[in-house]
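The structure appears below as structure tokens.
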Amino acid sequence: MEQFNLSPSPALLDLLGKIPFKGWQCVAELVDNSIDAIISNESLLQEYQKQISVHIPTKKGISENQPLVIEDWGIGMNSTQLENAVRAGFSSKKTSANLGLFGMGFNVATSRLANVVQIWTSTVEMDKEIGVCIDLREMKKEGSFYRPKMERVKSNKSSGTRIEIFDFKDQAVGLLQSKTIIKELQRAYSEKIFDEYRLRILINNEEIKPFKFCVWDKTRTVKHKYEEVPAYIGIDKHWSDQMFCEECLTWIGDIPVDTSLNIACPKCSSNGSIIRKNISISGWVGIQRFSDVDHYGIDISRNGRILSKLDKTFFVWEEGKEDSPDKFDPEYPRDTTYAGGRIVGQLEANFVVPKYTKDDFERDDINWKRVINFIRGEMPLQPELGAQRGYKFPNHSPIGRLFSAYRKVNQPGAKTLCFGKENGNVDHITPKNWAQKFYGGDPEFQTDKKWWEAVVRADMKDGPPDFDPLNPLPKPLPSPKLPDRANEPEIVEKFPGKKIFRKTLSFDLENTLGEKPFVLTLMDYYPTENLELPIIFDSKGSMGKFDVYINNKHHMFLDFADGYEDLIFMEMAAKYSQLKNSDNWPVTRIYYELKLKYAPSTMLSVPNLVSNANKLMRKVQNKLIRGEGYQLPKIPSLSQAEEISIKKKYIDLEKEALIDYNDLLSTTGFLKYIDLNYLFKFIDEFPELVYDGKVFDLPYSDLDSETKVHQKAKYSSYLSDVRWFMIELANEGDEAVKKMKQEIIRNRYSIELLDERITV
1 MEQFNLSPSP ALLDLLGKIP FKGWQCVAEL VDNSIDAIIS NESLLQEYQK QISVHIPTKK
61 GISENQPLVI EDWGIGMNST QLENAVRAGF SSKKTSANLG LFGMGFNVAT SRLANVVQIW
121 TSTVEMDKEI GVCIDLREMK KEGSFYRPKM ERVKSNKSSG TRIEIFDFKD QAVGLLQSKT
181 IIKELQRAYS EKIFDEYRLR ILINNEEIKP FKFCVWDKTR TVKHKYEEVP AYIGIDKHWS
241 DQMFCEECLT WIGDIPVDTS LNIACPKCSS NGSIIRKNIS ISGWVGIQRF SDVDHYGIDI
301 SRNGRILSKL DKTFFVWEEG KEDSPDKFDP EYPRDTTYAG GRIVGQLEAN FVVPKYTKDD
361 FERDDINWKR VINFIRGEMP LQPELGAQRG YKFPNHSPIG RLFSAYRKVN QPGAKTLCFG
421 KENGNVDHIT PKNWAQKFYG GDPEFQTDKK WWEAVVRADM KDGPPDFDPL NPLPKPLPSP
481 KLPDRANEPE IVEKFPGKKI FRKTLSFDLE NTLGEKPFVL TLMDYYPTEN LELPIIFDSK
541 GSMGKFDVYI NNKHHMFLDF ADGYEDLIFM EMAAKYSQLK NSDNWPVTRI YYELKLKYAP
601 STMLSVPNLV SNANKLMRKV QNKLIRGEGY QLPKIPSLSQ AEEISIKKKY IDLEKEALID
661 YNDLLSTTGF LKYIDLNYLF KFIDEFPELV YDGKVFDLPY SDLDSETKVH QKAKYSSYLS
721 DVRWFMIELA NEGDEAVKKM KQEIIRNRYS IELLDERITV
């Protein structure tokens with residue numbers, strides 16, 4: 001029977017090189033195959049054979065045609081395996097396991113970089129190395145995929161594979177940036193693959209260290225209602241083993257009882273492509289030691305290769321996203337969005353099917369939806385919204401528990417695992433600075449001991465001077481000899497139960513009310529019997545001094561979002577009102593005075609907010625005009641009115657006419673002579689001069705183009721809120737301000753976020 005020859009043209013390999021792999025993806029694709037060889041035969045290998053060495057030539061080296069080399073000391077390949085390994089479109093491993101797709105992935109990676117690739121390999125049994133040379137130009141010229149088998153004397157290693165890539169294409173210089181490749185490979189593989197298999201990867205003799213999250217120790221907990229919620233929750237869940245067709249990527253169902261049956265795929269009718277897959281998930285979710293607007297989320301990996309970094313889809317409730325995106329997309333972070341999130345984790349899902357770029361996977365997989373429901377729950381994370389949607393019980397999934405216990409980061413101390421400032425407010429900056437030391441390898445910041453000490457100290461602001469936060473029990477005093485009191489009645493403790501010192505507070509309204517100050521010693525209280533009082537004031541005997549017990553078992557704190565702070569203000573207002581005994585000073589007026597003096601950050605003072613917005617932009621201006629300013633890559637876009645304004649302001653400040661206008665516009669120094677409102681336009685035009693630590697400590701230049709657009713839009717929304725305070729709210733009357741209360745509350749967080757991110 002006559003047949004058609006449908007072998008593709010060798011030009012196919014050249015076309016594969018057009019697939020937009022980044023340089024690190026090309027190297028990772030080749031490293032993946034070496035990792036596969038090591039993992040598959042781990043028990044047969046000695047320690048030195050678990051190393052992969054990569055040599056990346058410099059720009060000069062590329063011009064001199066020095067090769068890119070990837071070498072391993074694994075079991076190597078025989079002739080048949082080598083042929084299959086480099087055949088375009090062939091993959092003996094398909095999707096069932098392994099990181100690499102040796103074949104298609106190999107050809108995409110190599111043809112993206114160069115025209116010539118040589119692969120040399122040998123097994124322990126072989127006395128020679130065998131090889132093959134893929135020369136794209138030569139193969140296109142000959143119109144053939146056939147390549148001669150090469151042989152050479154075995155090198156000084158018993159087995160393994162060496163790939164040499166040379167005759168580089170023009171884009172290779174930009175793709176083979178060793179610093180970028182090292183940085184990206186550190187985030188390409190999970191800790192597990194290094195720890196479990198004792199794997200070593202060296203790039204130009206620099207060892208790749210896997211990324212580790214800066215998380216709280218497994219022993220740390222936070223109390224939420226009646227549960228101690230750990231800051232680290234281990235995950236190990238197995239559902240079932242199922243049949244999967246590797247030919248058409250279809251789930252077929254449960255494994256049959258009779259495993260000898262030869263089952264054909266009901267979709268594509270393939271017989272030899274049905275495999276058994278373990279539907280399971282392992283890893284952990286936990287709490288990062290710092291909050292960040294971007295750096296939070298879950299790493300999702302398959303056989304050690306991270307397919308999705310800092311994945312935030314677990315924080316979206318899909319069922320409610322369509323009708324209420326403002327409430328459910330995302331659900332976290334909700335309370336303090338300016339600070340960001342801190343729920344992180346690492347999940348290994350070996351059953352998922354990766355996309356060919358290995359930067360994502362097929363998320364419509366029915367078994368992946370099982371993972372979503374298990375990790376984040378089928379209901380909202382927010383209990384108040386869950387109740388509105390008819391759910392009777394709280395979300396007790398791993399992320400649901402973390403959300404409930406750690407969602408708020410606006411109060412310092414052990415009950416939130418947050419740092420505190422001297423004024424008692426939350427400190428979000430110090431933990432971020434410490435995180436940089438953690439990632440930099442500073443040994444003092446690796447464990448969370450130092451961090452925990454800072455959290456405990458935050459609880460001790462204004463505490464007793466002799467209090468030791470690391471040894472909170474009072475120091476024993478020498479026991480004097482006491483008379484025999486055996487016959488005296490037993491003293492009954494007034495408020496039995498566990499008491500933990502929180503802090504001391506002083507309230508002084510003497511200049512306002514003419515009354516003496518109050519001093520309160522606050523303690524968390526866990527009574528042994530039911531008490532109806534949410535807060536107990538117990539007089540110490542002297543005027544104005546009280547022990548205050550915060551009853552943590554009271555439903556006031558379990559059922560409402562309110563904290564104890566407002567209850568303290570309310571009680572203090574009542575006590576001052578009793579002392580003052582004047583119709584001019586009711587409880588509500590005194591409550592306002594207390595809030596004004598001791599909780600100003602919670603008040604919506606429009607003049608202050610407008611002033612803060614102007615101060616923030618003044619800081620931006622001062623940073624941009626400092627010294628001689630930054631050199632501008634082009635003349636900024638200015639309207640005629642803005643040009644006139646600059647020239648007038650220049651005369652006002654310098655007392656002379658502006659002679660060389662274009663020279664002034666060559667640096668950011670011109671911003672000295674223009675209104676603050678123009679800065680918003682300038683930042684939009686020149687983001688690279690404002691972000692990346694120049695003014696704001698927010699990433700920009702090193703991001704890929706898609707992420708740049710996303711982040712710039714996010715930063716612009718923050719700046720738009722700041723501009724709203726300066727331009728719109730500043731000119732509104734009192735009635736309009738009252739109606740804008742919710743908008744003011746939301747927008748003020750943008751000022752706080754940007755002010756926290758401004759560089760020193």
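Under full-length UniProt numbering, the first residue of the sequence shown carries the number 1, and numbering increases by one thereafter. Glycine residues also receive a C-beta, built at the ideal position from the N, C-alpha and C atoms.
- Annotation: the region 350-385 contains no complete segment of the beta strand (DSSP E) (minimum length 3 residues).
- Here residue 278 is bridged, per DSSP, to 241.
- Uninterrupted alpha helix (DSSP H) stretches at least 4 residues long and entirely within the region 493-547 occur at 510-513, given in chain order.
- Bridge pairing for residue 152: 129 [DSSP].
- Distance from residue 671 to residue 727 at the Cβ level is roughly 18 angstroms; contact not present, criterion being Cβ atoms closer than 8 angstroms.
- Close CB contacts of residue 128 within its chain, under the 8 angstroms cut and outside five residues either way in sequence, are with 122, 151, 152, 153 and 154 (chain order).
- Judged by their CB atoms, residue 460 and residue 503 are nearer to each other than the 9 angstroms cut-off.
- Contact annotation: the region 228-238 touches the region 277-291, with at least three C-beta pairs closer than 8 angstroms.
- Shown here, residue 121 sits in a strand according to DSSP, grouped into three states.
- Within a 10 Å sphere around the beta-carbon of residue 394 sit 16 or more other beta-carbons, which makes this residue buried.
- Only residues of its own chain outside the window of five on either side were considered, and among them 673 and 674 have a CB closer than 7 angstroms to the CB of residue 649, listed in chain order.
- Judged by DSSP in its simplified three-state form, residue 339 adopts coil rather than helix or strand.
- Going by beta carbons, residue 587 and residue 730 fall outside the 9 angstroms limit.
- Listed as beta-bridge partners of residue 555 by DSSP are no residues whatsoever.
- Listed in chain order, the non-local C-beta contacts of residue 636 below 8 angstroms within the same chain comprise 665, 670, 682, 685 and 686, local neighbours out to five positions each way being set aside.
- Between residue 217 and residue 447, the CB-CB gap stays under 9 angstroms.
- For residue 296, the three-state secondary structure derived from DSSP is coil.
- Per DSSP, the continuous alpha helix (DSSP H) segment holding residue 453 begins and ends at 449-459.
- In the three-state reduction of the DSSP assignment, residue 394 falls in the coil class.
- DSSP lists 305 as the beta-bridge partner residues of residue 302.
- The shortest C-alpha to C-alpha distance from residue 550 to any of 531, 544 and 630 is the one to 531.
- With distances taken between CA atoms, residue 109 lies nearest to 86 out of 711, 86 and 130.
- Contact between residue 164 and residue 69 holds: CB atoms are separated by about 6 angstroms, below the 8 angstroms threshold.
- Between residue 297 and residue 343, the C-beta gap is smaller than 9 angstroms, which places the two residues in contact.
- Residue 644 sits exposed, since fewer than 16 C-beta atoms from the chains shown fall within 10 Å of its C-beta.
- Three or more pairs of CB atoms, one per stretch, sit closer than 8 angstroms, so the region 59-79 contacts the region 165-177.
- By the neighbour-count criterion, in which 16 or more other beta carbons inside 10 Å mark a residue as buried, residue 112 falls on the buried side.
- Look at residue 250 here: in three-state DSSP terms it is strand.
- The C-alpha of residue 404 is placed about 40 angstroms away from the C-alpha of residue 516.
- Per the DSSP secondary-structure output, residue 587 pairs with nothing in a beta bridge.
- Using a Cβ distance threshold of 9 angstroms, residue 377 and residue 400 count as a contacting pair.
- The beta-bridge partner set that DSSP reports for residue 43 is empty.
- Straight-line spacing of the CA atoms in residue 193 and residue 521 works out to 51 angstroms.
- Check the Cα spacing between residue 553 and each of 225, 738, 354 and 449: the tightest is with 225.
- C-alpha of residue 172 to C-alpha of residue 332: approximately 41 angstroms in a straight line.
- Under the DSSP assignment, residue 51 falls in the beta strand (DSSP E) whose first and last residues are 51-55.
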